[in-house]
Structures are given as C-alpha cells and as structure tokens.
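By our numbering, the letter at position 245 of the sequence shown is numbered 253, and the numbering carries on one by one without gaps. Backbone N, C-alpha and C define an ideal beta-carbon position, used for all residues, glycine too. For clarity, every value in this text was computed on a predicted model and none was experimentally measured. Reading through the structure tokens given below for one structure.
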Amino acid sequence: MKQIELLAPAKNLETGMAAINYGADAIYIGAPKFGARSAAGNTLEDIGELIKYAHKYRAKVFITMNTILYDHELKEAEELIHQLYKLGADALIVQDMGVLEMNLPPIELHASTQTHNYDLDRIKFLEQVGFKRIILARELSLDQIKEIRKNTTAELEYFIHGALCVSLSGQCYFSHAIGGRSANRGECSQACRMKYDLVDGEGKVIAKDKHLLSLKDLNLSAHMKELVESGICSLKIEGRLKDSSYLKNVTSYYRKELDDVFAKKQEFEKASSGTVNPNFEPDLERTFNRGFTNYFFTGRIPEIANFHTPKSLGKEIGKIVDIRKDHFIIDSKFEIHNGDGLCFFNHNKLLKGILVNGVKGKQIFPNEMSMLVKGAVLYRNNDHEFAKTLKRDNSIRRISADLFLEFKENILTLFAADEDGISASVQFKEEFELARNAEMAITNLKNQLSKSGDSIYSINSIETNFTEAPFVQAKVLNELRRQVLDSLTENRLNAFQQPKTKALISHPKYHTKNLNYMGNVVNCKAEEFYHKCGVEKIEKGFELQSNFKGKTIMTTKHCLRHEFGMCNKEVSTGQKTNQPLYLVDNKNRYKLEFQCQRCEMKIIFE
Numbered sequence: 009m010k011q012i013e014l015l016a017p018a019k020n021l022e023t024g025m026a027a028i029n030y031g032a033d034a035i036y037i038g039a040p041k042f043g044a045r046s047a048a049g050n051t052l053e054d055i056g057e058l059i060k061y062a063h064k065y066r067a068k069v070f071i072t073m074n075t076i077l078y079d080h081e082l083k084e085a086e087e088l089i090h091q092l093y094k095l096g097a098d099a100l101i102v103q104d105m106g107v108l109e110m111n112l113p114p115i116e117l118h119a120s121t122q123t124h125n126y127d128l129d130r131i132k133f134l135e136q137v138g139f140k141r142i143i144l145a146r147e148l149s150l151d152q153i154k155e156i157r158k159n160t161t162a163e164l165e166y167f168i169h170g171a172l173c174v175s176l177s178g179q180c181y182f183s184h185a186i187g188g189r190s191a192n193r194g195e196c197s198q199a200c201r202m203k204y205d206l207v208d209g210e211g212k213v214i215a216k217d218k219h220l221l222s223l224k225d226l227n228l229s230a231h232m233k234e235l236v237e238s239g240i241c242s243l244k245i246e247g248r249l250k251d252s253s254y255l256k257n258v259t260s261y262y263r264k265e266l267d268d269v270f271a272k273k274q275e276f277e278k279a280s281s282g283t284v285n286p287n288f289e290p291d292l293e294r295t296f297n298r299g300f301t302n303y304f305f306t307g308r309i310p311e312i313a314n315f316h317t318p319k320s321l322g323k324e325i326g327k328i329v330d331i332r333k334d335h336f337i338i339d340s341k342f343e344i345h346n347g348d349g350l351c352f353f354n355h356n357k358l359l360k361g362i363l364v365n366g367v368k369g370k371q372i373f374p375n376e377m378s379m380l381v382k383g384a385v386l387y388r389n390n391d392h393e394f395a396k397t398l399k400r401d402n403s404i405r406r407i408s409a410d411l412f413l414e415f416k417e418n419i420l421t422l423f424a425a426d427e428d429g430i431s432a433s434v435q436f437k438e439e440f441e442l443a444r445n446a447e448m449a450i451t452n453l454k455n456q457l458s459k460s461g462d463s464i465y466s467i468n469s470i471e472t473n474f475t476e477a478p479f480v481q482a483k484v485l486n487e488l489r490r491q492v493l494d495s496l497t498e499n500r501l502n503a504f505q506q507p508k509t510k511a512l513i514s515h516p517k518y519h520t521k522n523l524n525y526m527g528n529v530v531n532c533k534a535e536e537f538y539h540k541c542g543v544e545k546i547e548k549g550f551e552l553q554s555n556f557k558g559k560t561i562m563t564t565k566h567c568l569r570h571e572f573g574m575c576n577k578e579v580s581t582g583q584k585t586n587q588p589l590y591l592v593d594n595k596n597r598y599k600l601e602f603q604c605q606r607c608e609m610k611i612i613f614e
C-alpha cells in the first residue's frame with residue numbers, strides 16, 4: 009500500500025506534540041536559526057525531545073533551515089545540520105543551494121517551496137540534483153500536479169490548508185525593498201496584508217484603501233481524494249506561528265478526512281501509527297481563518313482575496329435582524345455564548361468587532377452598540393466555548409497492542425506486540441499461590457492488565473495459556489504491564505532507523521547560463537553550485553543590492569485586472585486595454601505588469 013503523510017507545523021515542542029497527538033504523520037519545525045519564520049526558532053533540546061516523541065508513533069520530524077545564508081553563516085549552518093542529524097531529524101528542508109556544497113551528514117533533503125517549485129523544468133532539475141522530496145508551489149492546479157507526477161519520481165509535497173503567500177514562493181522581495189526585512193531570511197513584514205490604492209495611468213482611482221494583495225486562507229478539505237490519487241505523498245498544513253488549539257482542531261479535522269478516504273480506497277494508508285479520538289468535533293471555521301479559497305487547485309476562480317480585511321473572520325453564524333436600546337436580535341441557528349467575539353462589515357465595508365456580554369435567547373447584549381448595522385452578516389471570530397474545549401482537551405494518541413501472559417514454573421512472562429509487529433517481553437519470578445477459582449482469577453488478571461493508564465498504548469486483547477491460574481497482586485501486574493510497555497516503546501524507537509547513505513548530490517545542466525537576482529544567490533557556496541551546473545553569470549541576490557528601482561519585487565498569479573473585470577482574455581475586443589495600473593500606499597507607487605500568457609502579475613519597484 010502507498011503511504012500518505014499528513015504533515016503539520018510546529019511553532020515549538022508543545023504544538024509539535026499536540027499535532028502528533030491529534031493525527032499528524034510528520035511535523036516540520038524551525039531549527040534554532042535559519043528557518044523561514046525567524047520568530048519560530050527552537051532549542052536543540054526541545055527538537056530532540058519532539059523527535060523522540062514523534063518516533064514512538066513512527067511519525068517523522070523535518071527541520072526547516074529554509075532561508076538564504078550569508079557567507080559568514082555557512083560554517084555555523086553546517087555545524088547545526090550535523091547536530092540536528094545526531095538528534096535523529098528525519099529530513100532537512102532547505103532553500104539555499106549553498107547547503108548542497110557543504111560536508112553534509114546522510115540526512116534526507118527536501119527542496120523548500122522557497123526554491124520556487126512551480127515550473128516542471130525547475131522541479132526536474134531539483135530532482136536530478138538529489139533532493140528526495142520537492143515541496144510544490146501553492147499555485148499549481150490538480151492537472152499541473154498530475155503532469156509533474158508523470159514526469160518525476162521524487163516525492164511530492166503540497167499545501168492543503170492555511171495562510172497563502174500571494175507571491176510565488178522565494179520570489180517575493182517586497183518586504184525587503186520597503187523595510188529591509190527579507191522574506192527569504194524569515195523576516196517578512198507581510199506587506200501583502202497592508203492597504204493600497206489601485207490607480208490607472210491617468211491617476212483615476214479604481215480602488216481606495218483596500219487590502220488588494222491579501223488572500224483568503226487555503227482550504228482543500230473537499231479535495232482529499234483527488235490529492236491522494238494525484239501522486240502527492242505529503243499533504244501539508246501551514247502555520248508555524250499557530251498555537252496548540254489551532255493545531256488540535258485543524259490536524260484532527262484532516263486526520264478524519266484522510267482516514268475516511270483510506271477506508272474507501274484501501275490501496276492507501278496513513279504513514280504513522282496510532283488512533284486519534286479527540287473529545288470534540290473538529291471544525292475548520294471555528295478557529296483562525298480569513299475566509300477560505302481553494303486558490304488555483306481547480307483553476308482560476310473569483311474572489312481568492314478579501315480586499316476588506318486581512319483579519320480572521322471565523323464562522324458565519326447569522327444576521328442582525330433588529331437593533332434595540334441595549335441589545336440586538338440575531339437570526340442564527342447557532343448558540344451564542346458570553347465571551348464570544350463577533351464581527352461584521354459595516355456600510356463602508358470596514359470590519360467591526362464586538363464582544364458578547366450577555367445572551368437571552370435571540371437577544372445579544374454586546375459591549376458596544378453604536379457601530380451595529382441592521383441586516384449585517386455576523387461572523388464569530390472568537391468562539392469562546394470551543395476555544396475552552398480545545399484548550400482543555402488532552403487526548404493521547406493510542407497505539408494498539410496485544411498482550412499474552414504465560415505462567416510456567418512460578419515464572420510469569422508478559423509478552424506485548426503492537427500494531428506494527430514490534431514486540432517485547434518481561435518476566436517475574438515468585439512462589440505464587442494458585443487461585444481457587446482459575447476462571448475468575450484469569451478474568452481478574454485480564455481486567456488488571458487491560459488498564460493502560462496514561463501510556464501511549466490501547467490494549468486490544470489479552471490472552472493466557474494456563475488452566476491453573478496464579479494469584480498475583482495488582483501492584484505486580486501493574487509493574488509487569490508498565491515494564492513491558494516501556495520496553496515496547498524502547499524497541500519501537502530502536503526500530504526507527506535513520507538513513508545511513510549520504511544523498512548523492514549531482515550538478516545537472518541548468519536551463520540558463522545567466523542567473524539574475526531571483527536565483528537568490530547570496531553566498532560563495534551557492535555560486536559554486538550553480539557554476540558547476542553550467543551557469544556562467546550570476547547576479548548577486550536582492551538582499552545584497554541597494555538600488556531596487558525598476559526591479560520586480562513580487563510575482564503572483566493573483567491578478568488585479570482579473571479581479572476588477574479588466575482581464576484582456578475575458579473582456580470583448582472593444583474593451584481591451586493596455587492602460588498601466590499602479591499600487592499606491594502612503595509612501596510609494598508600484599507599477600503592475602501583466603504577463604497574460606503565463607497568467608501572472610508582477611509588481612515593480614519605482
């Protein structure tokens with residue numbers, strides 16, 4: 009059977025363990041340095057603890073070191089990679105090709121989405137280089153994914169949920185251009201979430217003070233079957249800055265969706281062990297989200313962005329049908345609670361928020377009345393009761409195990425075998441008295457051994473092979489069970505072997521002899537790599553330059569011509585125009601260029 013991996017993010021040890029407990033087959037987490045979320049670095053001690061915890065479930069831990077590196081950082085980065093390998097890390101996610109020229113341990117290499125894995129030629133090149141896995145661009149459609157799968161043998165990973173970068177990954181220089189904070193260095197200031205005006209060449213304002221680049225969040229939960237069948241091996245949740253409650257909800261939701269697919273298509277199976285039984289009903293809309301889109305998975309669709317706000321909307325729950333002196337009347341099928349946060353758009357399409365102080369049936373008493381709008385659609389962006397439920401829930405993922413108790417010559421031997429066929433045994437010798445009622449004694453023995461407590465195991469069955477039953481104290485049985493399950497866990501960890509063969513890094517011919525700043529080369533080892541691949545001229549990376557005038561600072565498939573009904577492919581001949589368009593903020597003006605053949609929009613720094 010083909011294993012399909014549910015891959016979840018981890019901000020830290022706590023969120024990583026939560027994601028594993030609620031169904032993740034693998035975790036990706038930031039190294040102490042050089043990760044694409046500079047605010048989400050972790051100590052080696054915590055990473056080591058997470059690796060050990062994950063491996064108990066045959067889950068994996070991938071380490072993100074996916075920023076570009078400066079020359080003075082190369083030695084430190086190489087030493088860190090060796091430390092991570094010694095901890096048992098299962099793979100390293102990288103962007104900088106300079107890493108490939110280091111003296112690496114035999115650690116599996118994954119090409120970050122930051123390596124701009126959008127075109128088939130680029131993906132085939134990275135496969136030939138020696139990457140075990142390639143993390144595909146979010147902009148790819150299902151048909152494009154299938155075409156890539158036909159033409160490559162590398163493992164393919166694809167985002168299924170979470171925040172979307174509006175730029176093609178690894179090709180965004182907006183944040184660095186306006187404030188010196190490089191997205192390729194994990195320091196993105198999220199210029200895409202800010203307000204802009206859209207104006208034409210004559211100064212006419214088409215849109216005023218709108219979040220024109222702020223995308224909704226990705227949600228492909230309705231497409232799990234197609235993704236599994238497409239050849240993707242790893243389905244990735246975004247969110248390395250999210251908390252444990254978010255991970256509990258989202259991970260368990262997708263775990264259930266995938267398990268339902270596997271039940272119907274038995275040629276696929278999950279990539280780790282254990283069963284998840286959360287004490288709540290997961291709901292993607294009830295935790296942080298900006299509204300959802302499937303982006304380009306099914307082709308270009310309208311309204312992939314929310315021009316009115318970059319903030320979380322939550323779940324649509326009803327309408328304001330009447331406004332009274334100190335409360336309003338809601339039309340909703342959902343129960344509203346004290347402490348809920350509600351929001352709505354006013355007449356000017358500005359998002360406004362209120363806090364629920366009291367509820368009497370359909371009467372809602374908020375902390376603020378002045379901003380309410382009759383007829384407004386209400387969203388719950390802080391579900392107070394659901395948040396409490398998530399925080400309280402401490403479900404443990406359980407691995408199924410069978411026990412077998414043997415009694416010979418006053419020696420009790422307890423065997424354990426888990427769902428993966430890994431086994432362990434322990435013995436206890438004592439002068440046991442025989443029970444007068446063997447049948448009852450055996451029943452009592454089984455009942456006592458079935459209590460797996462706070463271990464990671466769920467006892468599936470208990471068998472015995474004796475007719476005369478010893479009388480065994482409960483504390484002895486508890487100790488036997490504890491010892492055999494601890495030994496089983498140790499054997500599970502020992503059975504989880506790291507690869508010992510170093511990845512063979514090759515230098516296939518690159519498709520061009522000239523590499524511009526979008527190649528993100530900022531160190532000597534990256535230059536060495538590309539020169540070995542036949543590149544003759546390499547422009548230094550954007551972060552090493554000082555004059556950005558005329559340079560493309562973002563390339564995106566989010567097209568503002570299309571969003572405002574001006575796409576030359578869709579309007580009649582008489583309406584077609586080459587009128588220039590600009591984004592304007594309170595400091596700068598940015599020219600928009602449209603590559604209609606590739607259905608892309610470029611933002612140029614002026």
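Next on the checklist: Please give me, in chain order, every unbroken run of the beta strand (DSSP E) with length at least 3 that falls completely inside the stretch 63-135.
Outcome noted: 68-73, 99-102, 116-119
Checklist entry - PHE116: which of GLN122, VAL102, ASP127 sits nearest, CA to CA? => result Position 108 of the sequence shown holds residue 116. Strictly speaking, residue 116 in this sequence is Glu, with Phe absent from that position. The shortest Cα separation from GLU116 among GLN122, VAL102, ASP127 belongs to VAL102.
Item to check | Closest Cα partner of THR520 within the set GLN505, TYR538, VAL530, CYS532 | outcome: Within the sequence shown, numbered from 1, the residue matching residue 520 stands at position 512. The candidate whose alpha carbon is nearest that of THR520 is TYR538.
Next on the checklist: For the alpha helix (DSSP H) containing THR497, name the first residue and the last one.
Outcome noted: Taking the first residue of the sequence shown as position 1, residue 497 is located at position 489. Looking at the DSSP string, the run of the alpha helix (DSSP H) that includes THR497 is 482-503.
Checklist entry - Based on the DSSP secondary-structure assignment, which residues constitute the bridge partners of CYS351? => result Position 343 of the sequence shown, counting from 1, holds the residue named residue 351. According to DSSP, which records beta bridges pairwise, CYS351 is partnered with GLY361, TYR387.
Checklist entry - Does the Cβ-Cβ distance between ARG141 and GLU163 come in under 8 Å? => result For this step, residue 141 is matched to residue 133 along the sequence shown. For this step, residue 163 is matched to residue 155 along the sequence shown. Yes, Cβ-Cβ distance for ARG141 and GLU163 is below 8 Å.
Item to check | For ALA503, the nearest candidate out of ILE325, GLY429, LEU591, TYR262 (CA to CA) | outcome: Here residue 503 is taken as the residue at index 495 of the sequence shown, counted from 1. Taking only the C-alpha atoms, the option nearest ALA503 is GLY429.
Next on the checklist: Just to confirm, is the Cβ distance from LEU176 to THR564 under 8 Å?
Outcome noted: Along the sequence shown, one-based indexing puts residue 176 at 168. Along the sequence shown, one-based indexing puts residue 564 at 556. In this structure, THR564 lies closer than 8 Å to LEU176 by Cβ.
Checklist entry - From what residue to what residue does the beta strand (DSSP E) around MET562 run? => result The residue given as residue 562 occupies position 554 in the sequence shown. Note, MET562: beta strand (DSSP E), 560-564.
Checklist entry - Which residues bound the beta strand (DSSP E) around LYS396? => result Position 388 of the sequence shown, counting from 1, holds the residue named residue 396. No beta strand (DSSP E) contains LYS396, which is instead part of the alpha helix (DSSP H) from 392-400.
Next on the checklist: Which same chain residues end up closer than 7 Å to SER686 when comparing Cβ atoms and leaving out the 5 residues on each side of it in sequence?
Outcome noted: Absent from the structure is residue 686, since the part of the chain shown begins at 9 and ends at 614.
Checklist entry - CA-CA distance, GLU135 and VAL367? => result Stepping through the sequence shown from its first residue, residue 135 is reached at position 127. Stepping through the sequence shown from its first residue, residue 367 is reached at position 359. For GLU135 and VAL367, the distance between alpha carbons rounds to 58 Å.
Next on the checklist: Would you say the beta carbon of ILE430 is closer than 7 Å to some non-hydrogen atom of the ligand NAP?
Outcome noted: The ligand NAP is not part of the structure shown, which contains no ligands of any sort.
Next on the checklist: Less than 8 Å between the C-beta atoms of MET377 and ASP334, yes or no?
Outcome noted: For the purposes of this step, residue 377 is taken as the residue at position 369 of the sequence shown. For the purposes of this step, residue 334 is taken as the residue at position 326 of the sequence shown. Yes; because the gap between Cβ atoms is below 8 Å, this pair is in contact.
Checklist entry - When you compare each of SER431, MET526, ASN418 to PRO478 by their alpha carbons, which one comes out closest? => result Start at 1 with the first residue of the sequence shown, and residue 478 comes out as number 470. Among SER431, MET526, ASN418, the Cα nearest to that of PRO478 is on ASN418.
Checklist entry - GLU234: which of THR451, GLY307, LEU150 sits nearest, CA to CA? => result Along the sequence shown, read from residue 1 onward, the residue named residue 234 stands at position 226. Ranking the options by Cα distance to GLU234, first place goes to LEU150.
Item to check | Neighbour-count burial assignment, GLY383, 16 or more Cβ in a 10 Å radius | outcome: As a working mapping, residue 383 is identified with position 375 in the sequence shown. Looking at its Cβ environment, which holds fewer than 16 other Cβ atoms inside 10 Å, GLY383 is exposed.
Checklist entry - Roughly how many angstroms separate the alpha carbons of SER554 and ASP54, rounded to a whole number? => result Position 546 of the sequence shown holds residue 554. Position 46 of the sequence shown holds residue 54. When rounded, the distance between both Cα atoms is 38 Å.
Item to check | Nearest-angstrom Cβ-Cβ length linking ALA119 and PHE70, presumed shorter than 8 Å | outcome: Your numbering for residue 119 matches position 111 in the sequence shown. Your numbering for residue 70 matches position 62 in the sequence shown. Not a contact, Cβ separation roughly 12 Å.
Next on the checklist: Assess contact between the stretch 183-198 and the stretch 242-250, defined as three or more Cβ pairs (one per stretch) separated by less than 8 Å. Is contact present?
Outcome noted: no
Checklist entry - Hey, ALA32 and THR397: beta-carbon distance below 8 Å or not? => result To locate residue 32, count along the sequence shown from 1; it is residue 24. To locate residue 397, count along the sequence shown from 1; it is residue 389. Contact flag unset, no.
Checklist entry - Alpha carbon to alpha carbon, what distance is there between TYR598 and VAL213? => result Position 205 of the sequence shown, counting from 1, holds the residue named residue 213. Position 590 of the sequence shown, counting from 1, holds the residue named residue 598. If I take the Cα positions, the gap works out to 14 Å.
Next on the checklist: Quick check on the DSSP output: what are the complete alpha helix (DSSP H) runs of length 4 or more inside the stretch 409-477, in order along the chain?
Outcome noted: 446-457
Next on the checklist: So for ASN522, helix, strand or coil by DSSP?
Outcome noted: Position 514 of the sequence shown holds residue 522. In this structure, ASN522 counts as strand in the three-state DSSP scheme.
Checklist entry - Per DSSP, TYR166 is paired with what? => result Counted from its first residue, the sequence shown places residue 166 at position 158. According to DSSP, which records beta bridges pairwise, TYR166 is partnered with LEU243.
Next on the checklist: So, with DSSP's three-state summary, where would you put ILE259?
Outcome noted: Looking up residue 259 in the sequence shown gives position 251. Sequence check: residue 259 is Thr here, not Ile. Correct three-state label for THR259: helix.
Next on the checklist: Can you tell me where the beta strand (DSSP E) holding ASN227 begins and where it ends?
Outcome noted: Residue 227 sits at position 219 when you count from the first residue of the sequence shown. Its beta strand (DSSP E) spans residues 225-227.
Checklist entry - Where ASP127 and ASN192 are concerned, what is the direct C-alpha to C-alpha distance, given to the nearest angstrom? => result Numbered from its first residue, the sequence shown carries residue 127 at position 119. Numbered from its first residue, the sequence shown carries residue 192 at position 184. Straight-line Cα distance between these residues: approximately 19 Å.
Checklist entry - ASN287 to LYS64, Cα distance in whole Å? => result Within the sequence shown, numbered from 1, the residue matching residue 287 stands at position 279. Within the sequence shown, numbered from 1, the residue matching residue 64 stands at position 56. Roughly 22 Å between the two C-alpha positions.
Checklist entry - Going by the beta-carbon positions, is the gap between THR618 and SER431 smaller than 8 Å? => result Outside the shown range of the chain (9 to 614) lies residue 618, about which nothing can therefore be said.
Item to check | Cβ pair GLY24, GLY38 closer than 8 Å | outcome: One-based indexing of the sequence shown puts residue 24 at position 16. One-based indexing of the sequence shown puts residue 38 at position 30. Not closer than 8 Å, so no.
Checklist entry - Does DSSP classify GLY38 as helix, strand or coil? => result Taking the first residue of the sequence shown as position 1, residue 38 is located at position 30. Three-state result, GLY38: strand.
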